[in-house]
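Encoded as structure tokens, the structure appears first; notes follow it.
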Amino acid sequence: MRVAVIGAGSFGTALAFVLGSKGFTTRLWGRDAAGALAINERHENVRYLPGAKLPDTIVGTTSLAEALDGVDLVVSAIPSQAARIVLVEASAHLPDGVPIVTAAKGIEEESLLVPTDVLEAVLPERFHPYVAAISGPSFAREIVAGYPTAVTVAAHWGRVARRVQEAFSSRTFRIYTSPDIIGVQLGAALKNVMAIGAGIVDGLGFGHNARSAMITRGLAEMTRIAVAMGGNPVTLSGLAGMGDLVLTCTGDLSRNRRVGLALGQGKSLQQILAELGQVAEGVRTTRSAHALATKLGVDAPITHQLHAILFDGKDARASLLELMTRNPKAEF
């Protein structure tokens, strides 16, 4: 099998690692020529996954035409806010009849579209049945370390999901299928918002009780938004919902949790993002989720308070205390 992974960040590289480790010729595209050269000569992504040995089957390239030539599977790991530009460029080189899997975890800010909707907006209609989305609790660093990982792939066509499942499945990477392409993607996106909230709770020193409440009520909020968009609530209790939410709210490798942690400790968002050096999708997804919940008329108090903290300069401690002192209500 020949595979193209578009996006040589940490997660794109990790997915390339899974596929390349199975012996598939895997072309990993990125704009950084030096990064592609290091992948080919040193078998290492020195910027995003330094020290992780990549299989010789992974070939770095800066040419989309080269990356996509004659492939049997396409994986898009471009961050949500940049995906449209790259996919428009890639569309001229896509082969027909192969799965096109997005691994992005966000909501496009201008359109409020999930990644597969962006794919369908920029690709000719004949590609639409082959679009899929992959998500679940999966830190890139742990994937390339060979730690057991389980995720979900969702597609409109069951046979497309099964083809992706077969391509990725290995002794350390287990993949389940789902028809709920909306629910899987909204779980993937919205958990990053809640991870910022959980980080703020920890940064303020509010303890384990408060963090657990943030995770649980965050999941309820995620589910309401997903259902309003046509998703299945059961999906949000699975790997792409609860699974990914717990990981990003508690794991120290979570960039979104680290953003929240620093906010809770009093740092400015600008300082945090400069120090981070990588994309934390939850920051811009908070803006998108706030707009989406408002548009849908969905009750989303956590999202709205996090939006006020990130973009209106609201005090984090005051925001969380406001959540605690809202009018009493039933849990379900």
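Count the sequence shown with our numbering and you get residues 644 to 975, in order.
Cβ atoms here follow ideal geometry from the backbone N, Cα and C, with glycine treated the same way.
- The residues S734, in chain order, have a CB closer than 6 angstroms to that of L766 in the same chain once the five nearest residues on each side in sequence are set aside.
- At the C-beta level, E768 and V761 stay beyond 9 angstroms of one another.
- If you ignore the 5 residues before and after V836, its C-beta comes within less than 7 angstroms of the C-beta of G925, T928, T929, A932, T946 and L949, all in its own chain and listed in chain order.
- For A735, no alpha helix (DSSP H) segment is defined, and its DSSP state is neither H nor E.
- Per the coordinates, the alpha-carbon of S706 lies some 14 angstroms from the alpha-carbon of V646.
- Taking a C-beta distance under 9 angstroms as the contact criterion, D887 and S812 do not qualify as a contact pair.
- When secondary structure is reduced to three states using DSSP, A798 falls in the strand class.
- Ranking G909, N688, L680 and H736 by CA distance to the CA of L658 puts N688 first.
- Of R960, R690, K665 and S778, the smallest CA-CA separation from G846 is found for R960.
- Contact check for W672 against G652 fails: the beta carbons are separated by 9 angstroms or more.
- Of G874, T891, K957 and G881, the smallest CA-CA separation from M857 is found for T891.
- Pairing A810 with S962, the inter-Cα distance amounts to about 45 angstroms.
- Inclusion of T795 and S821 in the CB contact set at 9 angstroms is warranted, their separation being smaller than that value.
- Judged by beta-carbon spacing, M865 lies beyond the 9 angstroms limit of G894, meaning their Cβ atoms are not closer than that value.
- Here the stretch 691 to 706 makes no contact with the stretch 895 to 909; the two share fewer than three CB pairs at distances below 8 angstroms.
- Along the stretch 846 to 922, the alpha helix (DSSP H) occurs as fully enclosed runs of 4 or more residues at 850 to 871, 887 to 893, 898 to 907 and 912 to 919, listed in sequence order.
- Shown here, R670 sits in a strand according to DSSP, grouped into three states.
- If you keep only unbroken beta strand (DSSP E) runs of at least 3 residues inside the stretch 689 to 728, you get 701 to 704 and 716 to 719.
- At the C-beta level, Y691 and Q921 come within 9 angstroms of one another.
- In this chain, T968 is not harboured by any alpha helix (DSSP H), its DSSP state being neither H nor E.
- Under the three-state reduction of DSSP output, S781 falls in the coil class, being neither helix nor strand.
- The Cβ neighbour count for N970, taken over all protein chains shown within 10 Å, is under 16; the residue is labelled exposed.
- Just measuring C-alpha positions, the residue of I952, S723 and V714 sitting nearest P738 is V714.
- For I952, the uninterrupted alpha helix (DSSP H) segment begins and ends at P944 to F954.
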